[in-house]
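Asks: The structure under discussion is supplied below as structure tokens; questions concerning it will follow.
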Amino acid sequence: MGIGHLAVGLGLKRAAPQISAGWLVLAAFLCDVLLGVFAALGWETWQVPPDYASRHYLMFDFPYSHGLLACMLWSLAAALVALWISGRKRAALVAAIALASHFFLDALVHVRGLPVSGRGSYKIGLALWNHLGVALALEVLMAVAALLLYFQGTRPSGRLGRYGMPVCVAFLTVLLVGGQATSTAVPGARGLILSWILAPLAFSALVFWLDRQRAART
Ligand SMILES: [Zn+2]
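Residue numbers (the numbering used here): 83 to 300.
Below, the structure is given as structure tokens:
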């Protein structure tokens, strides 16, 4: 899933106005950053299906970044970091939810491949990507709902604050949803790994900057 992860982070700002939406988006994407790091280290792998041009998705072996047990441990770590930085239990809970949501959203769309624990354990995946139009429509709906929640929780402090976030979310939605729907070829290993690491960091930084142009509603 792509823009759906960003949507979760953005929408959760409503529940924790004291945290930048940029941090929440980073937490919601973190499993993909970890996938990039672990793939670079050779600990996790992926395969390109022979019919990728019609499927538009990859298959993975990624127990440490996307396994249920691993995601829950990363979620616990995110909660502890948020608690340490903010001193607020609510911030810790919201950070944990943002991170844990990655597993459940990916489990919805990925074809059976997210392990419960280790490499040989039972694998989960409801394969909504086999109905790609439905999966991508769901992501667009999530982005719209997230923006509405975000607007309820924040108010603009200027022109950039008013238009920046919706323009950014609309642009990234078109980029990610359109990108997956029309993708017929896969970049090389280096390109994939860099995109898994750098794209979430770039999206989070952009949201972090635009979030500073809005103030939390009290
Ligand atoms: Zn993922």
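Here a beta-carbon is modelled for each residue, glycine too, at the ideal position from N, C-alpha and C.
So, at 6 Å on beta carbons, what are the nonlocal neighbours of residue 97 in its own chain, with the 5 sequence-adjacent residues on each side left out?
Replies: The count along the sequence shown starts at 1 and reaches residue 97 at position 15. Hits under 6 Å: 176.
Asks: Any heavy atom of ligand 1 within a distance shorter than 7 Å of the CB on residue 114?
Replies: Locating residue 114 in the sequence shown gives position 32, where the first residue counts as 1. Result yes, Cβ under 7 Å from ligand 1.
Asks: Looking at the structure shown, is residue 300 part of a helix, part of a strand, or coil, going by DSSP?
Replies: Walking along the sequence shown from the start, residue 300 turns up at place 218. If DSSP states are grouped into helix, strand and coil, residue 300 belongs with coil.
Asks: Taking the straight line between their C-alpha atoms, what separation do you get for residue 83 and residue 248?
Replies: Working through the sequence shown from its first residue, we reach residue 83 at position 1. Working through the sequence shown from its first residue, we reach residue 248 at position 166. One C-alpha to the other measures close to 20 Å.
Asks: Does the Cβ of residue 296 have 16 or more other Cβ atoms within 10 Å, making it buried, or fewer, making it exposed?
Replies: On the sequence shown, position 214 is the one that residue 296 refers to. Residue environment for residue 296: buried (at least 16 other C-beta atoms within 10 angstroms of its C-beta).
Asks: Go through its chain and collect everything with a Cβ distance to residue 99's Cβ below 6 Å, but skip five positions before and after it.
Replies: Numbered from its first residue, the sequence shown carries residue 99 at position 17. Excluding residues within five positions, the ones whose Cβ falls inside 6 Å are 235, 298.
Asks: Which residues share a DSSP beta bridge with residue 127?
Replies: On the sequence shown, position 45 is the one that residue 127 refers to. Looking at the DSSP assignment, residue 127 forms a beta bridge with 143.
Asks: Just to confirm, are residue 265 and residue 138 a CB contact at a threshold of 8 Å?
Replies: Indexing the sequence shown from 1 puts residue 265 at position 183. Indexing the sequence shown from 1 puts residue 138 at position 56. Cβ atoms of residue 265 and residue 138: closer than 8 Å.
Asks: Rounded to whole angstroms, how far is the Cβ of residue 189 from the Cβ of residue 181, which I believe are closer than 8 Å?
Replies: Translated into positions along the sequence shown, residue 189 becomes position 107. Translated into positions along the sequence shown, residue 181 becomes position 99. The Cβ separation is near 14 Å, so there is no contact.
Asks: Provide the residue span of the beta strand (DSSP E) that contains residue 150, from first to last.
Replies: The residue labelled residue 150 in the question sits at position 68 within the sequence shown. Segment 150 to 168 is the alpha helix (DSSP H) holding residue 150; no beta strand (DSSP E) there.
Asks: Would you decide whether residue 293 is buried or exposed? Buried here means 16 or more other CB atoms lie within 10 Å of its CB.
Replies: The residue given as residue 293 occupies position 211 in the sequence shown. It is buried - the Cβ of residue 293 has at least 16 other Cβ atoms within 10 Å.
Asks: Select from 277, 109, 284, 287 the residue whose C-alpha is nearest the C-alpha of residue 179.
Replies: Position 97 of the sequence shown, counting from 1, holds the residue named residue 179. For the set 277, 109, 284, 287, the Cα lying nearest the Cα of residue 179 is the one of 109.
Asks: Considering only their Cβ atoms, is the gap separating residue 113 from residue 166 smaller than 8 Å?
Replies: The residue labelled residue 166 in the question sits at position 84 within the sequence shown. The residue labelled residue 113 in the question sits at position 31 within the sequence shown. In this structure, residue 113 does not lie closer than 8 Å to residue 166 by Cβ.
Asks: How is residue 95 classed by DSSP in three states: helix, strand or coil?
Replies: On the sequence shown, residue 95 is found 13 positions in, with the first residue counted as 1. Residue state for residue 95 is assigned as coil, using DSSP reduced to three classes.
Asks: How big is the Cα-Cα spacing for residue 124 and residue 150?
Replies: In the sequence shown, the residue the question calls residue 124 occupies position 42. In the sequence shown, the residue the question calls residue 150 occupies position 68. Using only the alpha carbons, I get a separation of about 20 Å.
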